[in-house]
Structure formats: C-alpha cells, structure tokens
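Heads up: the structure comes next, in structure tokens.
There are 2 protein chains.
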Amino acid sequence: MKNIQSVPFSDEVDLLSYEIFSGLTEEELDSLTQSMSCTLHKRGNILYHEGSRINGAYVVIKGILKIYKTGFDGKEQIIRFAKDGDLIGFRSVVSDELACTTSKVVNDAVLCYLPSEVLTSLIKVNPEFAMSLMKLTCRELGESNKFLTDIAQKTVRERLAEVLLLLMDTFDLDEDSTLQISLTREELANMVGTATESVIRLLSEFKSDKLIELNGRKIKLINIPKLIKIGNVYI
Amino acid sequence: MKNIQSVPFSDEVDLLSYEIFSGLTEEELDSLTQSMSCTLHKRGNILYHEGSRINGAYVVIKGILKIYKTGFDGKEQIIRFAKDGDLIGFRSVVSDELACTTSKVVNDAVLCYLPSEVLTSLIKVNPEFAMSLMKLTCRELGESNKFLTDIAQKTVRERLAEVLLLLMDTFDLDEDSTLQISLTREELANMVGTATESVIRLLSEFKSDKLIELNGRKIKLINIPKLIKIGNVYI
DNA sequence: ATAAAAAAGTGATAAATGTCATCATTTGAT
DNA sequence: ATCAAATGATGACATTTATCACTTTTTTAT
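The listed protein sequences derive, respectively, from chains X and C.
For the first sequence, the UniProt record's numbering gives the first residue as 1, with consecutive numbering after it.
For the second sequence, the UniProt record's numbering gives the first residue as 1, with consecutive numbering after it.
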C-alpha cells in the first residue's frame, strides 16, 4: 500500500506563513527549508509509535492527525488533534525521550519533516524562536492540566459537551453549524475518556434534547449556549 | 499571622547546586542571585492563586508545596508537588498567561523569587539555559499526559496504588519504608481524583491486604511489588 | 489544658458508568 | 457491485464510585 508520497515542489511550502517560525531570520528559514522534506500521508498512516525514538519533528501543512496514548489494556486516550500549522513530535525531540504518544493520520495530510539537529541548533542560535517554542509547550501544559482536572472531576455527560465545544474551537463549524471534523463514536469516547456505548447513548440524548443533530459522523451543533451550560465550560 | 519571613543570609543560597541553573555562566548566576529574594513560608501559605497574574517564578530551596487546580465545583485537583530544586510559576511567566494553578505550602518552605524580566532575559542570552528549561517543561508535559490517560482509564483502586508509588519516587521512603510526606486523606483523594471516603476505604483495604501499614498520616509501604501489580504501573 | 474545628472512619444507599450480548447499518476493499 | 469487516445502536445487567448522615478521633488555636 502506497500511503506516503513525496510532495512535488516541496520547497514551495512557505514556512514563514506559520506562526511558530515567525521568529526565524531569512537565512535560518532558508536552511530549515533546505533540510526539510515534505510528504503526503494517507488516512490511517502512523507517523510514529509511542515508545519509539524519533529523530525529528513534523509541521502539519494540511490534514488532521490524532495524537494519543495507549493505556495498559490497549485502549486509546486521545491527547489532542493536530492540524495545519501545528508541530508534532517536538516534545520528544527536545526532552530527548522516547515518543510518549502515537501520531496517526485522520484526514490525509501533508507533513514536513524537520530533523532534530536542525531544530535544536536553531533553538540554540535564535532565542526568540526558543522562546516561542517554549510558550507553545507551556500553553499545551496548561491545557493538559485543565483537561486532567476535567476528567477527574466532571461527569461523562459534562465532558462530552465540553469535547464537542473543543472540537468546534479547533476545527470550526461549516455554514450549516456542523463540526468540520468527523470522528467515529469510538474516537469521541477516546477523547472523553469513556466507553463507546456511553458516547452513543449521550449523543442520542443530546439529540432528543435538541442540542445537536446527527447525520452519520456529522454532528451539527444547534444549541451551543446549552452545551456550554451542560459542560460547565467557562472561558 | 506572620507566615512569611525574609531569610537572613539569603545570598548564601547557592543556585549553582540546582540542576536547572547549571547552564548559567558565573556572571549570570551572580546577577540572578543579586536580583532574587528568598523568604520562608509557613504551612498553609498560598504563593499565588489560579487566575492571578504573577511576575516571577520561585525556586524551592526547602520544603514542599502542592500545585493544584480548582474545579468548577470547588474541588481541588492536585497536579504535582514541588520540592527542593523545583521551579514554580515558571509556566505562567513564559507563556505570559495568568496562573493556571494555585501553589500552597504543605511543609514549611524556603523559596527564592526570581523576577520575570531577569528570567526571560537569561533565556534570551543563554540558549543552554533555555534548552534545559524547555526540557523540563517537555518532561512535565509528558507526565501530565500520562496521568491524564491513567485517570481516564484506570479504576480508583489502580490510581491509588499508583499515587502511593509516585509519592515514593518523589519523596522517598525512610529507613522504615514509610513515605516521607504526610498528606490528609482528602489530599490523597485530590491527587487520585476521587472522593475522600473512597480513599479511606481503599487504604483500609490495602492495609488488610498487607500492602501498607497506616499510622495516622504516615503510610508504610510493605509490599511494593504487589502495589505495582495492582496499579498496573510499568516503567 | 481545653474547646472548637478539622479530619478520619463507617454504613446505607443512590447514581453513574461499564460490560456483555445481539442486531442493524455503514464503510471500505476487491 | 458485492461482501466482509467495522461501526453504530440498544437492552439488560453488573460494578464502581459518589453521596449522605453520623460517630469517633485527631489536630489546632487560644
């Protein structure tokens, strides 16, 4: 199965348009562009597995990936999704540890690979770049702690409402108020941290309560204020 | 109530002995030492509240602090403990966000305050220092994601066993195999993410199963391999 | 040293959530 | 276009965990 392809004209990818690289000088950007290689990855492709050593990070140019951990009994816990502009695998590169998550393509994706040495040397010569990566990681840490608290304290119902709103923030709604990402019920369950059946039942409940409409994997949010209330989501 | 005191001879605190500062030059260390102020904080003292703006970070010289978030219903979720050599509040300083946790003194502590400007300017001039802080944050992120998965997937029983082992790793056991930190049942519950009563019942159960011995807040671990098995803790 | 407050412990019960079995429906590969 | 595999849906039931009400014990402040 050919599920990885080199992207033609990969040097046409303009890193400057991504916020994370805005601190780099023109020469630094050039050298980074030279050393990176961009590839197209099909749905289902795994970039790296939890526990494996990775020698570089990826920038997402296009598509969606899910980043998850696998529990001791084999169940996935989705940590986050990555979309265009996001950096993947960066944590392991910096901490010099094995990957602590698995990254899997959910929507066909174009990814540019950035070798560790190049990244770390940029961090060492460009403090502004270092600072912006540090900010990124610190924000992510804040979110992770927030979600940790929610999983520990909120009910499944609250968490499901919250996850729907989170998906709205990350992937936006289309003109029809429908979430621009389609996940299986199992994937939703693996975000919420619950059983698939529980998600199915709660989605039906939200539907009969006129909070959402369901059409296969498409979810339309029709009463967002109520979802916010149910999820106890505060800004 | 006088629960904060300036520490005499605060310039005798030798930052060099802390790993995080090992990347600094002698001059940088000197200037950092000049600008810092060390104080003694009594049990119960709060360094900063979730949501407040902080203008610097603290290094823990001595003592123990708990770092926690407060859920929407007022229940605490302990994110981590900080002990000597740890940095507190650093995440908010770097990400330039309001504090996302509250820090409270659990065991009387000596803390040195490092103003934001000094820290950020050091990050900008010393890439090695920047890199070591980034490593720190990335490791913390890895741990947070790990714990997130555990809370989402493990039972309360498994998590309690895991937390006891975590406390062992962080604070060590004394000659008598007793945990060198004493927490209330409620605090344990706020780590595990459960109700206080559940922790009380499970501790009694662990005790009758001869895994631990209890003496007030002192917990002695007498069958660690079994605790590892119960907690499904793999290295 | 003593009283008040906080924490620990216990039982009864309710509520939330997971599990299992089964069948319908959709998806994806050939 | 067809068929196997994956996903979705639903009911019955078991299990886990939270909640409440109360008593005992320990800690803390004066």
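Just so it is clear, CB atoms sit at the ideal spot from N, CA and C, and this is done for glycine as well.
- Here DSSP, grouped into helix, strand and coil, assigns C:K83 to coil.
- In terms of beta-carbon proximity, C:Y234 lines the interface with chain X, with at least one pair separated by less than 8 Å.
- Going by DSSP, X:I151 is part of the alpha helix (DSSP H) stretching over P127 to Q153.
- Identification of chain X residues near C:E12 by a Cβ-Cβ cut-off of 7 Å yields none; the smallest Cβ-Cβ distance measures about 31 Å.
- Residue-level contact check: C:I79 touches chain X, since one or more beta carbons of chain X fall below 8 Å from its beta carbon.
- Nearest C-alpha to X:I219 among X:A161, X:K69 and X:K66: X:A161.
- For X:A99, there is no enclosing alpha helix (DSSP H), as DSSP gives it neither H nor E.
- Interface flag for X:L148 against chain C is set, since a Cβ pair is found closer than 8 Å.
- Cβ atoms of X:L65 and X:S103 come within 8 Å of each other, at about 5 Å.
- Between the C-alpha atoms of X:Q180 and C:L227 there is a straight-line separation of about 44 Å.
- Secondary structure of X:D108 (DSSP, three-state): strand.
- If you draw a straight line from the Cα of C:D150 to the Cα of C:R80, it is about 15 Å long.
- Neighbours of X:G216 in chain C, taken as residues whose beta carbon is under 9 Å from its own, are absent, since the nearest beta carbon is some 26 Å off.
- Our two residues, C:L111 and X:A109, have alpha carbons roughly 47 Å apart in a direct line.
- X:K210 and X:L221 have their C-alpha atoms roughly 9 Å apart.
- As the crow flies, the alpha-carbon of C:H49 is around 7 Å from that of C:T101.
- Taking a Cβ-Cβ threshold of 8 Å, the residues of chain C close to X:R139 are S95 and E97, in chain order.
- Contact check for X:R91 against X:T120 fails: the beta carbons are separated by 8 Å or more.
- The C-beta distance from C:K69 to C:Q77 rounds to 5 Å, short enough to meet the 8 Å contact threshold.
- For X:I224, the enclosing alpha helix (DSSP H) starts and ends at I224 to G231.
- Taken through DSSP and simplified to helix, strand or coil, X:T39 comes out as strand.
- Residue environment for C:R159: buried (at least 16 other C-beta atoms within 10 angstroms of its C-beta).
- Interface annotation, C:R157: not in contact with chain X, CB-CB separation never under 8 Å.
- By DSSP's assignment, X:Y68 forms a beta bridge with X:I78 and X:T102.
- By the Cβ rule, the region 126–136 of chain X does not count as touching the region 44–63 of chain C, because fewer than three pairs are nearer than 8 Å.
- X:F206 is the residue among X:L47, X:F206, X:E213 and X:G216 whose C-alpha sits nearest the C-alpha of X:K229.
- In this structure, the beta-carbon distance from X:Q153 to C:G51 does not fall below 8 Å.
- Along the length of the UniProt domain "HTH crp-type" (154–225) of chain C, whole alpha helix (DSSP H) runs at least 4 residues long occupy 156–171, 185–192 and 196–208, reported in chain order.
- Here the alpha carbons of X:T25 and X:M36 stand approximately 16 Å from one another.
- Classified as buried, X:L202 has 16 or more neighbouring CB atoms from the shown chains inside 10 Å of its CB.
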